[in-house]
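> Protein chains in written order, with my numbering: chain A, 18 to 325; chain B, 91 to 404.
Where a beta carbon is used, it is the ideal one built from N, C-alpha and C, also for glycine.
These numbers were taken from a predicted model, which means no experiment stands behind them.
(1) Taking 8 Å as the CB-CB limit, is residue 306 of chain B close to chain A?
(2) Quick one: is residue 184 of chain A near chain B, going by C-beta distance under 8 Å?
(3) Can a CB atom of chain B be found closer than 8 Å to the CB of residue 220 of chain A?
(4) Any beta carbon from chain B within less than 8 Å of residue 133 of chain A's own beta carbon?
(5) Check each candidate in A:166, A:220, A:87, A:264 and name the one with the smallest Cα separation from residue 180 of chain A.
(6) Are the C-beta atoms of residue 63 of chain A and some chain B residue less than 8 Å apart?
(7) Listed in chain order, which residues of the stretch 110-121 of chain A have Cβ atoms closer than 8 Å to some Cβ of chain B?
(8) Could you check the C-alpha separation between residue 295 of chain A and residue 93 of chain A for me, to the nearest Å?
(9) So, with DSSP's three-state summary, where would you put residue 396 of chain B?
(10) For residue 366 of chain B and residue 357 of chain B, what's the separation of their Cα atoms in angstroms?
(11) Given a threshold of 16 other Cβ atoms within 10 Å of its Cβ, counted over all protein chains shown, does residue 90 of chain A qualify as buried or as exposed?
(12) Give me the subset of the stretch 186-202 of chain B whose CB atoms are less than 8 Å from a CB atom of chain A, sorted by chain position.
(13) Based on the DSSP output, what are the partners of residue 145 of chain B in its beta bridges?
(14) Mapping the DSSP letters down to three states, classify residue 227 of chain B as helix, strand or coil.
(15) Taking residue 352 of chain B as part of the alpha helix (DSSP H), name the residues at either end of that continuous run.
(16) Are there three or more Cβ pairs, one per stretch, closer than 8 Å when the stretch 233-243 of chain A is compared with the stretch 66-85 of chain A?
(17) Closest Cβ-Cβ distance between residue 69 of chain A and chain B: below 8 Å?
(18) Please check if any C-beta of chain B sits within less than 8 Å of the C-beta of residue 82 of chain A.
(19) At a cut of 8 Å, does the stretch 121-128 of chain A reach the stretch 296-312 of chain B through at least three beta carbon pairs?
(20) Considering only their Cβ atoms, is the gap separating residue 163 of chain A from residue 387 of chain B smaller than 8 Å?
(21) According to a CB-to-CB cut-off of less than 8 Å, which residues of the stretch 232-255 of chain A neighbour chain B?
(22) So which residues of chain A does residue 402 of chain B contact, with C-beta pairs closer than 7 Å?
(23) Using a Cβ-Cβ distance under 8 Å, would residue 157 of chain B count as near chain A?
(24) Find the residues of chain B that neighbour residue 171 of chain A, judging by a C-beta separation of less than 8 Å, and give them in chain order.
(25) Do residue 221 of chain B and residue 303 of chain A have their beta-carbon atoms positioned less than 8 Å apart in this structure?
(26) If you measure between the beta carbons of residue 202 of chain B and residue 64 of chain A, is that distance less than 8 Å?
(27) Go ahead and label residue 165 of chain A buried or exposed: buried means 16 or more other beta carbons lie within 10 angstroms of its beta carbon, across all protein chains shown.
(28) Which residues, in order along the stretch 325-348 of chain B, keep a beta-carbon less than 8 Å from a beta-carbon of chain A?
(29) Taking only beta-carbon positions, decide if residue 208 of chain B is within less than 8 Å of chain A.
(30) Return the residue from the list B:364, B:349, B:399 that minimises the CA-CA distance to residue 233 of chain B.
(31) What would DSSP say about residue 242 of chain A, mapped onto helix, strand or coil?
(32) Contact criterion: CB-CB distance below 8 Å. Does residue 239 of chain B meet it with respect to chain A?
(33) Just to make sure I have the definition right: I need the residues of chain A whose C-beta is within less than 9 Å of the C-beta of residue 172 of chain B. Which are they?
(34) Do you know how far the Cα of residue 305 of chain B is from the Cα of residue 202 of chain A?
(35) For residue 264 of chain B, would you say it is in contact with chain A, using Cβ-to-Cβ distances shorter than 8 Å as the test?
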């Protein structure tokens, strides 16, 4: 397999610089900060500055007036910056409808996705039934289907259902796209709650449903929150399906709106200050939510492998 | 988290072996909603796409004539069309190079995170989290601004250090277009790779490494015989996911094309389908390309799916 060969060679590349950092310190055996480690630390800081620069540049430009951005020498710090660009984007009148559209689609997607995925996860982690394996296989395979492979057919489907440009139409596609991964993620959480707990509750006189609702359900809350945020992020950021299904200018999600905003702005000399303010407004909710679920998403995606 | 689940999960079988009275139809009722929406939103389109890929859409179909059924003619047309192969080759090349570069940088970043002081590591992690969290359309907007040919900071800095990049348009030439696209995709996907490999590295026990060192193993030996074997499953899965994701890259290319470049010279499979289907309403050819992409993706992802199935069985 070529993959392992290739990755093995990439892992071994930093050989010369790595050892000083991991080796227990000098002759007296203490872990002192060694020159090698300082060099690596400097490298680390430089790399993180390079990595974060585009995000910084977005914020910086969003605070500067366009006159300043028009200059050929860049302004590195937003001294004397203002929120004027944000106000201008806001008063443009198209941001709020798009925000409303994105919010509605995201909420519908999250609610139905969680409901459907929760039931599905329950089925595969608490029951052994005929067809279970086929269902699990479908759940895994569907995650891999590219949106680009299906959007023409989805466009025709929504056209025939009269649901082009509709919140419900887009939501249906989003729910279907997110449900498989959410089932997989919740499956781990449901399996993590021992069924014995429920049985103990049943011995104490609760019905099966009551035992589930009072004992297991609360323990699943963190899993539901994590997968809910994941579904939200997917629906909030999605571009391809929205581009195909929402062709009417009055029904646009935020990513489409942002693209339209840039195109409208580009017909003149692009007003980068406003465009960056608009990008910031689209990005901020995502960044906030993302920080909550990042760890679970990583472990969810690679859980099969990390266990080793 | 997952290890814990695994341990707890192993306590399950005796419970499941016990016969359950009403359990017969319950699991089926539970999967109905999920199955329903998947069949409606993915299953039906999949079948439609497959059938459509064997029909012919011409001018008369745009006036409501039922399309003619031509079996595999579209595929024959497609596979004998040199442009199609150009796009396929371009997509594969872009995908493999981008995935390889992402893996290389991601691995280096993970090793760096593992080696530096905690404060530096947290700085690195925050920077990468921010890049990872950026919505793709917002990220593309920022990058377009960075490389803007008139006032972008990149040209300005390059000119500032004495190179002549005044008014250089990075998107005009296809090769430099794809380099820019690659840099953006790498910037956005390295965090996932770095975090995952770092998670794998933390599972390598320091005691074992120190013991090996006392026994005289050099660093390269420790890497080859201890570290790499332990994180190999992570590396394999992540590389695979990168390849699959980079093969279907659409948004980045589409939005870069918006800024101004010749689409026919910069199309990848995703934008090609979009152009055929939405641009010229040739649903049949668009479907045929889509089916090709689907088959390619499923073939590539089979390894991933199989390893996940194994996890399910344990």
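If we stick to the structure as given:
(1) Along the second chain, one-based indexing puts residue 306 of chain B at 216. Residue 306 of chain B does not count as touching chain A.
(2) As a position in the first chain, residue 184 of chain A is number 167, starting the count at 1. Cβ-Cβ to chain B under 8 Å: no for residue 184 of chain A.
(3) Within the first chain, residue 220 of chain A is the residue found at index 203, counting from 1. Answer no: the Cβ-Cβ gap between residue 220 of chain A and chain B never drops below 8 Å.
(4) If you number the first chain from 1, residue 133 of chain A lands on position 116. Chain B contact via Cβ: present.
(5) What you label residue 180 of chain A is simply residue 163 of the first chain in a count that begins at 1. Closest option to residue 180 of chain A, Cα to Cα, is A:264.
(6) Along the first chain, read from residue 1 onward, the residue named residue 63 of chain A stands at position 46. No, because no Cβ of chain B sits closer than 8 Å to the Cβ of residue 63 of chain A.
(7) none
(8) Along the first chain, one-based indexing puts residue 295 of chain A at 278. Along the first chain, one-based indexing puts residue 93 of chain A at 76. The alpha-carbon atoms of residue 295 of chain A and residue 93 of chain A are separated by roughly 20 Å.
(9) As a first step, residue 396 of chain B must be located in the second chain, where it is residue number 306. Note: residue 396 of chain B maps to helix in three-state DSSP.
(10) Locating residue 366 of chain B in the second chain gives position 276, where the first residue counts as 1. Locating residue 357 of chain B in the second chain gives position 267, where the first residue counts as 1. Using only the alpha carbons, I get a separation of about 11 Å.
(11) Residue mapping note: residue 90 of chain A aligns to position 73 of the first chain, counting from 1. Answer is exposed; the Cβ neighbour count stays below 16.
(12) 190, 193, 194, 197, 198, 199, 201, 202
(13) Mapped onto the second chain, residue 145 of chain B falls at position 55. Residue 145 of chain B is bridged to B:159.
(14) Your numbering for residue 227 of chain B matches position 137 in the second chain. Three-state DSSP puts residue 227 of chain B in a helix.
(15) As a working note, residue 352 of chain B is residue 262 in the second chain. Here residue 352 of chain B belongs to no alpha helix (DSSP H), and DSSP marks it neither H nor E.
(16) no
(17) Taking the first residue of the first chain as position 1, residue 69 of chain A is located at position 52. At least one chain B Cβ lies under 8 Å of residue 69 of chain A.
(18) Translated into the one-based positions of the first chain, residue 82 of chain A becomes position 65. Not closer than 8 Å to any Cβ of chain B, the Cβ of residue 82 of chain A fails to qualify, so no.
(19) no
(20) Position 297 of the second chain, counted from the first residue, corresponds to residue 387 of chain B. Position 146 of the first chain, counted from the first residue, corresponds to residue 163 of chain A. Cβ distance < 8 Å, so residue 387 of chain B and residue 163 of chain A count as in contact.
(21) 253, 254
(22) As a working mapping, residue 402 of chain B is identified with position 312 in the second chain. Those are 153, listed as they occur along chain A.
(23) What you label residue 157 of chain B is simply residue 67 of the second chain in a count that begins at 1. Judged by the 8 Å Cβ criterion, residue 157 of chain B is not in contact with chain A.
(24) Locating residue 171 of chain A in the first chain gives position 154, where the first residue counts as 1. Residues of chain B passing the Cβ test: 131, 135.
(25) The count along the first chain starts at 1 and reaches residue 303 of chain A at position 286. The count along the second chain starts at 1 and reaches residue 221 of chain B at position 131. Contact: no.
(26) Looking up residue 202 of chain B in the second chain gives position 112. Looking up residue 64 of chain A in the first chain gives position 47. Yes, these two residues count as a Cβ contact at 8 Å.
(27) Along the first chain, one-based indexing puts residue 165 of chain A at 148. Residue 165 of chain A comes out buried.
(28) 325, 326, 327, 328, 329, 330, 331, 334, 337, 338, 340, 341, 344, 345, 348
(29) Taking the first residue of the second chain as 1, we reach residue 208 of chain B at position 118. Judged by the 8 Å Cβ criterion, residue 208 of chain B is not in contact with chain A.
(30) Here residue 233 of chain B refers to the residue found at position 143 of the second chain. Minimum Cα distance to residue 233 of chain B is reached at B:349.
(31) Walking along the first chain from the start, residue 242 of chain A turns up at place 225. Helix, per DSSP.
(32) Position 149 of the second chain, counting from 1, holds the residue named residue 239 of chain B. No, residue 239 of chain B does not count as interfacial toward chain A.
(33) The residue given as residue 172 of chain B occupies position 82 in the second chain. In chain order: nothing, as chain A lies at least about 22 Å away.
(34) In the first chain, the residue the question calls residue 202 of chain A occupies position 185. In the second chain, the residue the question calls residue 305 of chain B occupies position 215. One C-alpha to the other measures close to 42 Å.
(35) Within the second chain, numbered from 1, the residue matching residue 264 of chain B stands at position 174. Cβ-Cβ to chain A under 8 Å: no for residue 264 of chain B.
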